[in-house]
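Numbered by full-length UniProt numbering, the letters in the sequence shown go through residues 1 to 273 in order.
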Amino acid sequence: MKRILVAINFTDASRAASNYAASLAQLFLAKLYLVHVYMEPGPTGEDPSAWMIINDAQQQANETQLQKEIHFLKETYSIDVSGSVVMGYKGDSIMETARKMSTDLIVMGMKRDHPHRFFGSTVLSIIRKSNLPVLLVPEQSQFSPIKNIVLATDFEGVEDATCFSILLDMVEKFEASLRLLHIQKSGAVMSGMEVPGRVQLGQTFSKIHSFSHEEVEDDDVESGIQIYMDNHPINLLVMIAHRHKIIERIIGKIYTRSITYETKVPLLVLEDK
Numbered sequence: 001m002k003r004i005l006v007a008i009n010f011t012d013a014s015r016a017a018s019n020y021a022a023s024l025a026q027l028f029l030a031k032l033y034l035v036h037v038y039m040e041p042g043p044t045g046e047d048p049s050a051w052m053i054i055n056d057a058q059q060q061a062n063e064t065q066l067q068k069e070i071h072f073l074k075e076t077y078s079i080d081v082s083g084s085v086v087m088g089y090k091g092d093s094i095m096e097t098a099r100k101m102s103t104d105l106i107v108m109g110m111k112r113d114h115p116h117r118f119f120g121s122t123v124l125s126i127i128r129k130s131n132l133p134v135l136l137v138p139e140q141s142q143f144s145p146i147k148n149i150v151l152a153t154d155f156e157g158v159e160d161a162t163c164f165s166i167l168l169d170m171v172e173k174f175e176a177s178l179r180l181l182h183i184q185k186s187g188a189v190m191s192g193m194e195v196p197g198r199v200q201l202g203q204t205f206s207k208i209h210s211f212s213h214e215e216v217e218d219d220d221v222e223s224g225i226q227i228y229m230d231n232h233p234i235n236l237l238v239m240i241a242h243r244h245k246i247i248e249r250i251i252g253k254i255y256t257r258s259i260t261y262e263t264k265v266p267l268l269v270l271e272d273k
């Protein structure tokens, strides 16, 4: 992992993501790149010069905020940090910047501003479109050594095992344990379709010193993962983006089940594309 991109918007959730990403960059000796995307302000009245003044002022304000963030991260973590302010559609602009920067990991903050709306269209757009791993960091999350990693899987076969590269890097760097978590319905047995996937994952992670499988019975996948997270020490939850709708439901249910509950466990979404 050599290059990490963080999508920022100068909120507390954004700062949590930046700090988490900076900690990773420090450990991996990686370069950190910040990108802030904003929409072009609409015309005001009939005078185009007024619109240009507003746009220039907004651009300058964003640039000032960005430089403050870059300075803070450089001083705090002693890492290589740069960034840019981009006007455009957030999802598309973030992905285009990630492509130009040859990014290895995209990091985004998550803020729950309503009990039923934890993340907006930008996060969903990135997960759906990205061919890069995406790390989602809850607002209350603070970086700590990643010792316990859980990969929630349906044992569906993976087309390209290179999608696990960043996960393997993290396991090696932190000497972490990796558990495969499979949620299956009560009384069900592993199907013939699932066996090859389990074998493939076992081979992929065979060299990890602390590696194990865990089966949890629950008729609802999201509920099973949620209960498991409540009862086991986890520093990082990982999922493979086979089926985006399932991931979206899991994110929504686990991270927004009540106003008082807030998980601090980051979610790493691996893209098998």
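Glycine included, every Cβ here is placed at the ideal spot set by N, Cα and C. Everything numeric in this text was worked out from a predicted model, so none of it was measured.
Nearest-angstrom Cα distance between residue i and residue j?
i           : j    : result
K185        : E214 : 14 Å
S23         : L73  : 10 Å
A30         : G187 : 46 Å
G197        : R128 : 22 Å
T97         : I126 : 12 Å
F143        : V265 : 10 Å
S84         : Y77  : 19 Å
V100        : L132 : Strictly speaking, residue 100 in this sequence is Lys, with Val absent from that position. Their Cα atoms are separated by approximately 13 Å.
P115        : I225 : Low confidence applies to P115: its pLDDT is 42, below 50, so where it sits in the model is not reliable enough to give any reading.
R117        : V123 : Confidence at R117 is low in this model, with a pLDDT of 45, below 50, so the placement of that residue should be treated as unreliable; the coordinate-derived value is given next. Spanning the two alpha carbons is a distance of roughly 12 Å.
N148        : H232 : 9 Å
F119        : G202 : Caution is warranted here: a pLDDT of 48 is assigned to F119, below 50, making its placement in the model unreliable, and no coordinate value can be reported.
N9          : D230 : 30 Å
residue 293 : E75  : Residue 293 lies beyond the stretch modelled for the chain, which goes from 1 to 273, so this question has no answer here.
V35         : T11  : 13 Å
H71         : K90  : 24 Å
E175        : S212 : 14 Å
L66         : V171 : 32 Å
Q60         : D160 : 43 Å
S93         : E69  : 20 Å
T64         : K111 : 23 Å
M87         : M95  : 13 Å
Under 8 Å between the Cβ atoms of residue i and residue j?
i    : j    : result
V137 : Y20  : yes
Y33  : S82  : yes
V150 : V238 : yes
K173 : F28  : yes
A13  : G109 : yes
M1   : I146 : no
I106 : A25  : no
T204 : F164 : yes
E271 : S130 : yes
T153 : H182 : yes
D104 : R3   : yes
D218 : I227 : yes
Give me the Cβ distance between residue i and residue j, rounded to the nearest whole Å; I'm assuming they're in contact under 8 Å.
i    : j    : result
A17  : V6   : 6 Å
V269 : V158 : Rounded, the Cβ-Cβ distance is 14 Å, inconsistent with contact.
L178 : S210 : 7 Å
The beta strand (DSSP E) with residue i in it runs from where to where?
i    : result
Q184 : S177 to Q184
G83  : V81 to M87
Any idea which residues DSSP pairs residue i with across the strands?
i    : result
K31  : R3
F211 : L178
N148 : S177
M108 : A7 and L136
I240 : L270
E217 : Q184
V123 : Paired residues: none, contrary to the question.
Y38  : M87
Taking 8 Å as the threshold (beta carbon to beta carbon), is residue i in contact with chain B?
i    : result
I227 : This model lacks chain B altogether; it includes just one protein chain.
Name the two residues that bound the continuous alpha helix (DSSP H) containing residue i.
i    : result
I227 : V221 to N231
S93  : K90 to K100
When you measure from the CB of residue i to every non-hydrogen atom of the ligand ATP, does any distance come out below 7 Å?
i   : result
Q65 : The ligand ATP is absent from the structure shown, which contains no ligands of any kind.
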